[in-house]
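**Student:** Take a look at the following structure, please.
Number of protein chains: 2
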Amino acid sequence: MRVAVNISYNGRNFSGFQYQHDYRTVQGTLEKQLKRMHKDFVRIHASSRTDAGVHALEQYFHFDTPIDLEPDKWKFILNRAMPEDILINDVTIAADDFHSRFDATGKTYRYKVYTSVKNPFYDGLKTHYPYELDISLMKEAMAPFIGTHDFTTFSSAKTEIKNKVRTIKTFEVIETDDGFDFVITGTGFLYNMVRILAAYVLECGRGIRTPDTLNMIAAKDRTIIPKTAPAEGLYLEKVWYEKL
Amino acid sequence: MRVAVNISYNGRNFSGFQYQHDYRTVQGTLEKQLKRMHKDFVRIHASSRTDAGVHALEQYFHFDTPIDLEPDKWKFILNRAMPEDILINDVTIAADDFHSRFDATGKTYRYKVYTSVKNPFYDGLKTHYPYELDISLMKEAMAPFIGTHDFTTFSSAKTEIKNKVRTIKTFEVIETDDGFDFVITGTGFLYNMVRILAAYVLECGRGIRTPDTLNMIAAKDRTIIPKTAPAEGLYLEKVWYEKL
Numbered sequence: 001m002r003v004a005v006n007i008s009y010n011g012r013n014f015s016g017f018q019y020q021h022d023y024r025t026v027q028g029t030l031e032k033q034l035k036r037m038h039k040d041f042v043r044i045h046a047s048s049r050t051d052a053g054v055h056a057l058e059q060y061f062h063f064d065t066p067i068d069l070e071p072d073k074w075k076f077i078l079n080r081a082m083p084e085d086i087l088i089n090d091v092t093i094a095a096d097d098f099h100s101r102f103d104a105t106g107k108t109y110r111y112k113v114y115t116s117v118k119n120p121f122y123d124g125l126k127t128h129y130p131y132e133l134d135i136s137l138m139k140e141a142m143a144p145f146i147g148t149h150d151f152t153t154f155s156s157a158k159t160e161i162k163n164k165v166r167t168i169k170t171f172e173v174i175e176t177d178d179g180f181d182f183v184i185t186g187t188g189f190l191y192n193m194v195r196i197l198a199a200y201v202l203e204c205g206r207g208i209r210t211p212d213t214l215n216m217i218a219a220k221d222r223t224i225i226p227k228t229a230p231a232e233g234l235y236l237e238k239v240w241y242e243k244l
Numbered sequence: 001m002r003v004a005v006n007i008s009y010n011g012r013n014f015s016g017f018q019y020q021h022d023y024r025t026v027q028g029t030l031e032k033q034l035k036r037m038h039k040d041f042v043r044i045h046a047s048s049r050t051d052a053g054v055h056a057l058e059q060y061f062h063f064d065t066p067i068d069l070e071p072d073k074w075k076f077i078l079n080r081a082m083p084e085d086i087l088i089n090d091v092t093i094a095a096d097d098f099h100s101r102f103d104a105t106g107k108t109y110r111y112k113v114y115t116s117v118k119n120p121f122y123d124g125l126k127t128h129y130p131y132e133l134d135i136s137l138m139k140e141a142m143a144p145f146i147g148t149h150d151f152t153t154f155s156s157a158k159t160e161i162k163n164k165v166r167t168i169k170t171f172e173v174i175e176t177d178d179g180f181d182f183v184i185t186g187t188g189f190l191y192n193m194v195r196i197l198a199a200y201v202l203e204c205g206r207g208i209r210t211p212d213t214l215n216m217i218a219a220k221d222r223t224i225i226p227k228t229a230p231a232e233g234l235y236l237e238k239v240w241y242e243k244l
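Line order of the protein sequences matches chains A and B.
Position one of the first sequence corresponds to residue 1 (full-length UniProt numbering), numbered consecutively onward.
Position one of the second sequence corresponds to residue 1 (full-length UniProt numbering), numbered consecutively onward.
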């Protein structure tokens, strides 16, 4: 049977989601535990392979197993074996053709920035950007992203994916006690796209770049936004499915 | 001249304050930077040598230097060289006979516990104690500690310190969104004392131990409180000085 799992993790001490020999990864941690249960290797498939340092409030993966357990029992057994920085939120017995990556109809990411004096307790959990930010300039930069665009300008050149057209449904900025959260929902995201969008919006808010989003999208030129905001501020917040 | 420095640090990724060869420590990090500035070894002296994993909202250390700089310049130069998990809050030019440890007239510690479902983003920052806690039982256990007592029952046996009499000025419990903070102020604390007090109060709040504080103090027997609450919940919150 196919099991779908909803997890959270603190990405601070992981070298990303994807398995890497000799590095601590989320996939490696989960597969190690599944191997222990199955006495055999079990491959997991995630909705997103988050980068080193990136967090998940909600991430999905699935795997196939001959072990027949109730969802709550799976949740209990997996949670018991997890380190302090991974939490199993929920387990579902999925349809045999469910795929956590291909069936996702959208994703929501949150990017957390604080602008006050450096806080050692945010280390790895929020990006420190100690500048005055103008929220109206940020909104002006953000609004034109809504809709369907070619995101070549706002994605890493390091990719084999040819089709860079993606649809952004919402992109909001929320004022927090000591900075801003940026929350973006779309049908899919290119490599580093949210972090490049964040870097662009922050430069606009700080006043060192004038919002000119539609022309920048039209340019299809990665070199005009040279910055990628740090991984530590990025959270995969929700993965959207029609079924499940 | 003698320089006194007020710092915060996130203890999660440090093997404690005190220098240890081959381990990442707060003292080692600071002395490395001072050596770089002075082209010579400079010893620092702290108010407390916090254990591995213990945090500081405010910790003091002092050192002697021939370098004559304004306090703000010291703060700027030191902060620039610090990693993300140490913050220099303030620098003072102190009297030549000031000693951050011997001149401290008291200390305040905070112990943070959360009782809700495991939160991966609290990893290393709060102690997870997923039980219902009765605040009135905790207050009953805490109140008799106020005053001057021999704390043999509530301190680690691993110490050469003979005099175990200490004075507790205040000991409060504060309800938070998802648990409790315990805040204690005293003239001084024995090794592991706050973590042993926390373990005792938590067991009383959970109802697995009946508050009987005065008799336990009178017993002067470390073996009746076998638990020490984890380091990750402990914060040195303030060091009190008459001068400075």
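Quick reminder that beta carbons are idealized off the backbone N, C-alpha and C, glycines included.
Bridge partners of ASP150(A), per DSSP?
**Tutor:** Answer is VAL165(A).
**Student:** Would the beta-carbon of TYR109(B) fall within 8 Å of that of LEU214(B)?
**Tutor:** Not closer than 8 Å, so no.
**Student:** For GLY16(A), report the span of its beta strand (DSSP E) as first-last.
**Tutor:** It is not in any beta strand (DSSP E) - GLY16(A) carries neither H nor E in the DSSP assignment.
**Student:** Which residue's Cα is closest to the Cα of VAL165(A): LYS32(A), TYR200(A), GLY188(A)?
**Tutor:** When only C-alpha atoms are compared, the closest one is GLY188(A).
**Student:** What three-state label does DSSP hand GLU31(B) in the structure shown?
**Tutor:** Reduced to three states, the DSSP call for GLU31(B) is helix.
**Student:** With a floor of 4 residues, list each alpha helix (DSSP H) that falls wholly inside the region 158-225 of chain B, ordered by position along the chain.
**Tutor:** Listed in chain order, the complete alpha helix (DSSP H) runs (minimum 4 residues) inside the region 158-225 of chain B are 193-206, 213-219.
**Student:** Can you give me, in chain order, the residues of the region 109-122 of chain B that have a beta carbon less than 9 Å from any beta carbon in chain A?
**Tutor:** The residues in question are VAL117, LYS118, ASN119, PRO120, PHE121, TYR122.
**Student:** Nearest-angstrom Cα distance between ILE86(B) and ILE174(B)?
**Tutor:** Taking the straight line joining both Cα atoms gives about 26 Å.
**Student:** For chain A, check one thing: does any of its Cβ atoms lie closer than 8 Å to the Cβ of LEU197(B)?
**Tutor:** Taking Cβ atoms only, chain A never reaches closer than 8 Å to LEU197(B), which makes this a no.
**Student:** Would the region 61-73 of chain A and the region 1-9 of chain B be scored as touching if the rule is three or more Cβ pairs under 8 Å?
**Tutor:** Judged by Cβ distances under 8 Å, the region 61-73 of chain A makes no contact with the region 1-9 of chain B, as fewer than three pairs qualify.
**Student:** Output yes if chain B places a C-beta closer than 8 Å to the C-beta of ILE77(A); else output no.
**Tutor:** Cβ-Cβ to chain B under 8 Å: no for ILE77(A).
**Student:** If you reduce the DSSP assignment to three classes, tell me which class ALA46(A) lands in.
**Tutor:** Three-state DSSP puts ALA46(A) in a strand.
**Student:** Could one say the Cβ of ASN192(B) lies closer than 8 Å to chain A's Cβ atoms, at least one of them?
**Tutor:** Not an interface residue.
**Student:** When the Cα of ASN192(B) is compared with those of HIS62(B), MET216(B), ALA52(B), ASN89(B), which residue comes out closest?
**Tutor:** Of HIS62(B), MET216(B), ALA52(B), ASN89(B), the residue nearest in Cα terms is ALA52(B).
**Student:** So that I know if they touch, is there some Cβ in chain B lying closer than 8 Å to that of ASN10(A)?
**Tutor:** Closer than 8 Å to some Cβ of chain B, the Cβ of ASN10(A) qualifies, so yes.
**Student:** Between the region 218-226 of chain B and the region 144-163 of chain B, can you find at least three pairs of beta-carbon atoms closer than 8 Å?
**Tutor:** Yes, since at least three Cβ pairs between the region 144-163 of chain B and the region 218-226 of chain B fall closer than 8 Å, the two stretches touch.
**Student:** Taking the straight line between their C-alpha atoms, what separation do you get for ILE184(A) and GLU132(A)?
**Tutor:** Rounded to whole angstroms, ILE184(A) to GLU132(A) spans 22 Å at the Cα level.
**Student:** Could you check whether the Cβ of ASP85(B) sits closer than 8 Å to any Cβ belonging to chain A?
**Tutor:** Judged by the 8 Å Cβ criterion, ASP85(B) is in contact with chain A.
**Student:** What do you reckon, are the CB atoms on ALA141(A) and VAL201(A) nearer than 8 Å?
**Tutor:** Contact: yes.
**Student:** From what residue to what residue does the alpha helix (DSSP H) around ALA229(B) run?
**Tutor:** No alpha helix (DSSP H) holds ALA229(B); DSSP gives it neither H nor E.
**Student:** Among TYR122(B), PHE151(B), LYS32(B), which residue has its Cα nearest to the Cα of ASN163(B)?
**Tutor:** The option with the nearest alpha carbon to ASN163(B) is PHE151(B).
**Student:** Excluding sequence positions up to five away, which residues of its chain have a Cβ less than 6 Å from the Cβ of TYR23(A)?
**Tutor:** For TYR23(A), where only same-chain residues beyond five positions count, the Cβ hits under 6 Å are SER15.
**Student:** With LYS238(B) as the anchor, note down where its beta strand (DSSP E) starts and where it stops.
**Tutor:** Here the beta strand (DSSP E) through LYS238(B) covers 234-241.
**Student:** Using the rule of at least 16 other Cβ atoms within 10 Å of the residue's Cβ for burial, across every protein chain shown, is GLY205(A) buried or exposed?
**Tutor:** Looking at its Cβ environment, which holds 16 or more other Cβ atoms inside 10 Å, GLY205(A) is buried.
**Student:** By DSSP, does SER156(B) sit in helix, in strand, or in coil?
**Tutor:** Coil at SER156(B), not helix or strand.
**Student:** Taking the straight line between their C-alpha atoms, what separation do you get for ASP178(B) and MET138(A)?
**Tutor:** Roughly 33 Å between the two C-alpha positions.
**Student:** Any residues in the region 122-146 of chain B with a beta carbon nearer than 9 Å to a beta carbon of chain A? Which ones, in chain order?
**Tutor:** Those residues of the region 122-146 of chain B that come within reach of chain A (Cβ to Cβ, closer than 9 Å) are TYR122, ASP123, GLY124, LEU125, HIS128.
**Student:** What's the C-alpha gap between GLU84(B) and ARG12(B)?
**Tutor:** One C-alpha to the other measures close to 12 Å.
**Student:** Since ASP72(A) is in the alpha helix (DSSP H), which residue starts that stretch and which ends it?
**Tutor:** Counting along the chain, the alpha helix (DSSP H) containing ASP72(A) begins and ends at 71-81.
**Student:** Where DSSP assigns a beta bridge to PHE61(A), which residues make up the other side?
**Tutor:** DSSP lists VAL5(A), ALA46(A) as partners of PHE61(A).
**Student:** Could you tell me the distance, in whole angstroms, from the CA atom of HIS99(B) to the CA atom of LYS32(A)?
**Tutor:** Answer to the nearest angstrom: the Cα atoms are 51 Å apart.
**Student:** At which residue ranges does the region 104-143 of chain A contain complete beta strand (DSSP E) runs of 3 or more residues, listed in the order of the chain?
**Tutor:** Qualifying beta strand (DSSP E) stretches, in chain order: 104-114.
**Student:** Does the separation of the CB atoms of ILE196(B) and PHE171(B) fall below 8 Å?
**Tutor:** Taking 8 Å as the Cβ cut-off, ILE196(B) and PHE171(B) do not qualify as a contacting pair.
**Student:** From GLU70(B), ASN119(B), LEU34(B), pick the residue whose C-alpha is nearest to that of residue 249(B); which is it?
**Tutor:** The question about residue 249(B) has no answer here: the residues shown for chain B are numbered 1 through 244.
**Student:** Looking at the strands, I want to know which residues DSSP matches up with HIS38(A).
**Tutor:** DSSP, once it has assigned bridges, lists no residue as partnering HIS38(A).
**Student:** Out of ALA229(A), GLU242(A), TRP240(A), state which residue places its alpha-carbon closest to the alpha-carbon of VAL54(A).
**Tutor:** Of the candidates ALA229(A), GLU242(A), TRP240(A), the one whose C-alpha sits nearest the C-alpha of VAL54(A) is ALA229(A).
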